[in-house]
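Using full-length UniProt numbering, you'd call the opening residue of the sequence shown number 1 and step up by one each time. Yeah, the Cβ is synthetic: ideal placement off N, Cα and C, and Gly gets one too.
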Amino acid sequence: MRIRPYYVHHMSLLCRELEVYLRRFYRSDCHLSLFGSAGNGFGLLGSDADICLRFGPEDIDSAEVICKVAEVIRKMPDISFICEIPHAKVPIVKFRCHNHDHLEADLSLYNVLALENTRLLRTYSKLDRRIHQLGIMTKVWAKNCEIGNASKGSLSSYSYIIMLIHYLQRTNPPVAPFLQEVVPLKRCREPVIIGNCDVYFCCLEDLEWAVHNRSTVGELWIGFLDYFGTKFDFTREVVQIRQTLPLMKLDKGWQSRPIAIEDPFDLAHNLSSGVHSKTMAYIQKSFIQSLEKFSTLSVPNSKLNHNAFVLYASLLLASCRVGDGPPLDCNCCHRCRQIGHFVVNCPLGMKDKKRNK
Numbered sequence: 001m002r003i004r005p006y007y008v009h010h011m012s013l014l015c016r017e018l019e020v021y022l023r024r025f026y027r028s029d030c031h032l033s034l035f036g037s038a039g040n041g042f043g044l045l046g047s048d049a050d051i052c053l054r055f056g057p058e059d060i061d062s063a064e065v066i067c068k069v070a071e072v073i074r075k076m077p078d079i080s081f082i083c084e085i086p087h088a089k090v091p092i093v094k095f096r097c098h099n100h101d102h103l104e105a106d107l108s109l110y111n112v113l114a115l116e117n118t119r120l121l122r123t124y125s126k127l128d129r130r131i132h133q134l135g136i137m138t139k140v141w142a143k144n145c146e147i148g149n150a151s152k153g154s155l156s157s158y159s160y161i162i163m164l165i166h167y168l169q170r171t172n173p174p175v176a177p178f179l180q181e182v183v184p185l186k187r188c189r190e191p192v193i194i195g196n197c198d199v200y201f202c203c204l205e206d207l208e209w210a211v212h213n214r215s216t217v218g219e220l221w222i223g224f225l226d227y228f229g230t231k232f233d234f235t236r237e238v239v240q241i242r243q244t245l246p247l248m249k250l251d252k253g254w255q256s257r258p259i260a261i262e263d264p265f266d267l268a269h270n271l272s273s274g275v276h277s278k279t280m281a282y283i284q285k286s287f288i289q290s291l292e293k294f295s296t297l298s299v300p301n302s303k304l305n306h307n308a309f310v311l312y313a314s315l316l317l318a319s320c321r322v323g324d325g326p327p328l329d330c331n332c333c334h335r336c337r338q339i340g341h342f343v344v345n346c347p348l349g350m351k352d353k354k355r356n357k
């Protein structure tokens with residue numbers, strides 16, 4: 001379930017090999033860095049490798065660069081299923097590497113804020129073991145409930161981690177501090193600007209924080225489901241982790257969205273902007289149904305062997321899924337359920353046509 005060191009090692013090797021290849025066949029000043037699941041403390045086994053590409057000046061045509069990079073990667077040995085998405089908000093190249101455990105990767109250009117987000121989440125994951133455990137649980141739960149895929153009109157796993165930290169900052173007593181508000185003694189709060197965003201947060205070494213909350217992981221999990229299932233006012237409030245004071249949708253101009261989740265650094269970015277009202281209603285139902293299932297479950301015998309426990313957990317998570325799955329997004333392909341194209345241009349359909357020829 002949790003990402004293993006050997007898997008992260010494969011990601012790092014792929015990143016280094018790709019950097020060497022791009023420096024040789026594209027630009028000598030290429031620099032590649034891993035971010036996301038590989039380093040934020042909340043990675044799952046089977047996670048994609050998220051890679052950030054940087055070089056030289058930033059005033060470039062991102063779509064053009066991504067297409068050129070995809071061209072170069074196509075010639076790299078043991079790489080397949082290469083697909084560039086040049087006109088996304090963050091242009092990426094998707095591909096699979098066969099000599100690294102069939103690892104799938106997404107390469108993005110100048111996604112520097114994502115590197116800082118990775119550092120921030122990693123710091124939160126190290127504050128308390130329960131934060132790490134709950135983060136893994138949240139991602140597994142969202143995946144099983146089919147509400148954790150932004151490409152299908154739902155929320156990203158990153159959004160769920162922000163929601164979790166938001167909740168843990170507001171338990172009584174709190175499990176997590178507001179790292180972006182904390183300033184070490186005898187120091188001034190000085191902004192750290194990257195790409196017009198203030199990415200300051202207090203690092204572990206400077207943090208003076210004592211956790212007084214003694215709730216179990218199970219109690220906190222039930223509290224998380226209850227908080228977003230029945231207590232949080234999605235119609236008025238923004239989910240955010242940067243400040244103690246509540247933040248209203250009205251303050252951000254996000255009243256028209258059924259849910260608002262603020263990026264910790266890019267304050268103009270609503271992480272949930274792609275979620276429509278029907279999908280949001282389904283997500284909230286998932287929280288409520290999961291609260292009911294976890295609150296009334298019978299605890300299994302602690303002597304269950306591994307296979308029996310996995311089966312028990314799988315059945316429990318399956319019972320949290322609402323109905324036949326989330327509603328189809330009106331902007332998604334009704335074949336593969338991905339956003340960004342319709343059935344007529346679906347890559348799956350194109351593959352079938354080629355096969356039939």
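Nonlocal neighbours in the same chain, by C-beta distance under 6 Å from residue i, ignoring five residues either side
| i | result |
| --- | --- |
| residue 240 | 247, 262 |
| residue 368 | Summary: the structure shown does not reach residue 368, with the chain confined to residues 1 through 357, and so no result is reported for it. |
| residue 98 | 78 |
| residue 16 | none |
| residue 189 | 183 |
| residue 111 | 52, 90 |
| residue 317 | 144 |
Alpha-carbon to alpha-carbon, residue j and residue i
| i | j | result |
| --- | --- | --- |
| residue 303 | residue 314 | 17 Å |
| residue 191 | residue 237 | 26 Å |
| residue 60 | residue 164 | 36 Å |
| residue 217 | residue 116 | 27 Å |
| residue 161 | residue 23 | 35 Å |
| residue 295 | residue 222 | 7 Å |
| residue 278 | residue 323 | 14 Å |
| residue 307 | residue 108 | 38 Å |
| residue 285 | residue 229 | 7 Å |
| residue 320 | residue 299 | 16 Å |
| residue 6 | residue 122 | 18 Å |
| residue 153 | residue 185 | 44 Å |
| residue 133 | residue 11 | 22 Å |
| residue 127 | residue 143 | 25 Å |
| residue 173 | residue 212 | 6 Å |
| residue 20 | residue 94 | 18 Å |
| residue 67 | residue 120 | 31 Å |
| residue 84 | residue 40 | 25 Å |
| residue 214 | residue 100 | 41 Å |
| residue 196 | residue 309 | 48 Å |
| residue 436 | residue 252 | Outside the shown range of the chain, which is 1 to 357, sits residue 436, and nothing can be said about it. |
| residue 57 | residue 18 | 20 Å |
| residue 290 | residue 305 | 25 Å |
| residue 76 | residue 276 | 40 Å |
Cβ pair residue i, residue j closer than 8 Å
| i | j | result |
| --- | --- | --- |
| residue 181 | residue 244 | yes |
| residue 147 | residue 327 | no |
| residue 28 | residue 52 | no |
| residue 176 | residue 131 | yes |
| residue 113 | residue 194 | yes |
| residue 103 | residue 49 | yes |
| residue 265 | residue 198 | yes |
| residue 158 | residue 13 | no |
| residue 82 | residue 92 | no |
| residue 35 | residue 118 | yes |
| residue 282 | residue 227 | no |
| residue 86 | residue 63 | yes |
| residue 129 | residue 178 | no |
Same chain only: Cβ atoms within 7 Å of residue i, ignoring 5 sequence neighbours per side
| i | result |
| --- | --- |
| residue 65 | 109 |
| residue 150 | 156, 274 |
Integer Cβ distance of residue i from residue j, believed to fall under 8 Å
| i | j | result |
| --- | --- | --- |
| residue 225 | residue 287 | 5 Å |
| residue 258 | residue 234 | 7 Å |
Contacting residues, own chain, Cβ-Cβ under 8 Å from residue i (five flanking each side not counted)
| i | result |
| --- | --- |
| residue 204 | 123, 126, 127 |
| residue 255 | 249 |
| residue 45 | 1, 2, 3, 4, 7 |
Chain B within 8 Å of residue i, Cβ atoms only
| i | result |
| --- | --- |
| residue 205 | Absent from the structure is chain B; it holds one protein chain and no more. |
Exercise. Where are the beta strand (DSSP E) runs, 3 residues long or more, that stay fully inside the region 72 to 156, in chain order?
Worked result: 79 to 85, 92 to 97, 103 to 109
Exercise. Which runs of the alpha helix (DSSP H) spanning at least 4 residues fall entirely within the region 16 to 74, listed in chain order?
Worked result: 62 to 74
Exercise. Taking only runs of the alpha helix (DSSP H) that begin and end inside the region 219 to 277, which ones reach a length of at least 4 residues, in chain order?
Worked result: 249 to 252
For this session: May I have a chain-ordered list of the alpha helix (DSSP H) segments no shorter than 4 residues that lie completely inside the region 149 to 211?
Result: 157 to 168
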